[in-house]
Amino acid sequence: MQQHIDSYDFTGKKAIVRVDFNVPLDENFNITDDTRIRRAMPTLKKVLEKGGSLIIMSHLGRPKKVDPKFSLKHIVDHVSECLGVPVQFAEDCQKADAQAAALKPGEALLLENLRFYAEEEGKPRGLAEDVSEDEKKAAKKAVKESQKAFVKKLASYADCYINDAFGTAHRAHASTALIADYFPNDKMFGYLMEGEIAAIDNVLKNAKRPFTAIIGGSKVSSKLAVLENMLEKVDNLIIGGGMGYTFLKAQGGKIGNSLHEDDLMPQALEILAKAKEKGVKIFLSVQTVVADDFSNEANTQIVPSTEIPDGWEGMDAGPESLKIWKEVILGSKTVLWNGPVGVFEMPTFAKGTLQIAEDLAEATQQGAYTLVGGGDSVAAVTQMGYADKVSYVSTGGGAMLEALEGKDLPGIAAIRG
Ligand code: 3PG
Ligand code: MG
């Protein structure tokens, strides 16, 4: 049975908490964005406040073996600072028995990167490229088998399990899903996870209308499933960013050197046709800022999106597009934004994405529910200083994308049981 962190009695109990502390680090191992750490704090602090102790576990990056570059020791001091208690560190997540057993109420222990073990992901590692299918199968079976002991060891440290790692909720890994089986009556979501689930429900289940989704980013192929699911939900669909050019080209537009995926043109046309059928209004870019080079210093001009000259490529949404989109956004009661509408990493081409952030902030002020979810758009609103001016900013990239595709996330399913 699923428990709740507010009503659960943590007195004298040890909680093992899966967080997503997969934060970006610079070359000196300084954290460049600690959002994911800060957003897990309410859960971690609550357990300590209620007389429990913490065993905190996470992955960092995608190491394929023990690699000091991906050690969570780089973040221990910052986690201690945020939590307000010194956090101990277990250098091997599978050999933390003594440290976990010695934890007293109010104390916290961080386990080393779970992905130093292949068992966390449950996928074989280090196979030679020329191994046979049979050998691959055997290796897979072997790691699935050794994964059982790995999960059991993690579970043995604690009395209860909390999953607060929304960013990793789309992975069916040892620490995000399998471990829940050891705590049939003592498993629960953390507050961050609950907030993310509520945000998803606010757009996918309980959206107030009109509901507008702004889907941007560079590739149609990575957003196809999201677009298809959105057609079932929204009133308006704004399609921007690099992926928009595939739609424009599919309809016969001249897109110059702009990014596009020819093989996705039939799907793009299908989406447009389906939208028409369902009465969903589609807003492609009508005007584009083009450049003669993929560079911040390139020459630029503003042209109609379907008349991009040869040798030029679309880099950002033009003012006319932004004006139309703004009207749509401000006329909405629910707005979902996933993916930038220009090459916002280059200041010259960040204006469109900044305008969308401003429009969302204005819509929020007028009472609309606004959710920014998924990877680059989250980075954009955060960098541009709009993170606290919208209703909700997700900590999930891939996880949010899969949720928006309408998929069940293993990390959520494991707690709900
Ligand atoms: C992320 O940042 O995408 C999450 O932490 C999950 O990491 P992964 O994509 O390597 O599984
Ligand atoms: Mg990812």
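To convert, take the position in the sequence shown, counting from 1, and add 4; that gives the working numbering. Backbone N, C-alpha and C define an ideal beta-carbon position, used for all residues, glycine too.
According to DSSP, residue i sits in a beta bridge with which residue or residues?
i	result
Phe-215	Thr-338
Thr-292	Val-307 and Ala-321
Phe-74	BP columns for Phe-74 are empty, so no partner.
Thr-374	Val-339
Ile-416	Bridge partners of Ile-416: none, in fact.
Ala-19	Leu-58 and Cys-164
Ala-112	Leu-58 and Val-91
Ile-35	Leu-29
Leu-241	Ala-217 and Ile-286
Secondary structure at residue i, three-state DSSP: helix, strand or coil?
i	result
Met-350	coil
Ala-202	helix
Ala-178	coil
Leu-58	strand
Asn-261	coil
Phe-170	helix
Met-388	coil
Tyr-121	coil
Met-192	strand
Phe-251	helix
Val-422	In the structure displayed, the chain extends from 5 to 421; residue 422 sits before or after that span and is not available.
Lys-285	strand
Ala-302	coil
Gln-6	strand
Val-27	coil
Ala-106	coil
Asn-233	helix
Val-345	coil
Val-394	coil
Leu-52	helix
Closest by CA to residue i, which one among the options?
i	options	result
Ser-150	Glu-137, Ala-367 and Arg-129	Arg-129
Val-83	Val-27, Asp-134, Pro-323 and Glu-265	Val-27
Met-350	Ile-333, Thr-304, Thr-374 and Ala-19	Thr-304
Ala-100	Lys-156, Leu-64, Gly-335 and Asn-206	Lys-156
Phe-25	Gly-65, Ile-9 and Asn-233	Gly-65
Lys-227	Met-404, Gln-7 and Thr-39	Met-404
Ile-333	Glu-366, Gln-103 and Leu-208	Glu-366
Asp-30	Glu-409, Met-234, Ser-11 and Ile-79	Ile-79
Glu-265	Ile-275, Lys-253 and Val-347	Lys-253
Gln-387	Pro-344, Ala-417, Gln-369 and Arg-420	Pro-344
Ala-417	Pro-109, Ala-173 and Ile-204	Ala-173
Lys-191	Leu-364, Val-224, Asp-412 and Asp-10	Asp-10
Lys-148	Pro-67, Ala-176, Ala-94 and Glu-137	Ala-176
Thr-374	Ala-203, Val-51 and Arg-420	Ala-203
Which residues in the same chain have their Cβ closer than 7 Å to the Cβ of residue i, if we skip the five residues on either side of it in sequence?
i	result
Gly-257	Ser-309 and Thr-310
Asn-385	Checking the sequence, you will find Val at residue 385 rather than Asn. Excluding residues within five positions, the ones whose Cβ falls inside 7 Å are Ala-361, Val-376, Ala-391, Val-394 and Val-397.
Leu-87	Met-45, Leu-48, Lys-49 and Ala-112
Arg-43	Leu-196 and Thr-399
Quick one: what's got a C-beta closer than 6 Å to residue i's C-beta in the same chain, skipping five residues either side?
i	result
Glu-111	Ser-57
Ser-325	Ser-289, Val-290 and Gln-291
Gly-194	Thr-47, Ile-166 and Asp-168
For residue i, which residues of its own chain have a beta-carbon under 8 Å away from its beta-carbon, when the five flanking residues on both sides are left out?
i	result
Gly-401	Gly-171, Gly-378, Gly-379 and Val-382
Val-135	Ala-143
Val-230	Ile-219, Asn-342, Leu-405, Leu-408 and Glu-409
Touch check for the segment 337-349 and the segment 177-196: three-plus C-beta pairs under 8 Å?
-> no
Hey, is the segment 213-229 in contact with the segment 29-41, meaning 3+ C-beta pairs nearer than 8 Å?
-> no
Assess, as a yes-or-no matter, whether the segment 154-166 is touched by the segment 184-199 under the definition of 3 or more beta carbon pairs within less than 8 Å.
-> yes
Touch check for the segment 125-145 and the segment 71-82: three-plus C-beta pairs under 8 Å?
-> no
Three-pair Cβ contact test at 8 Å for the segment 205-214 versus the segment 295-304 | no
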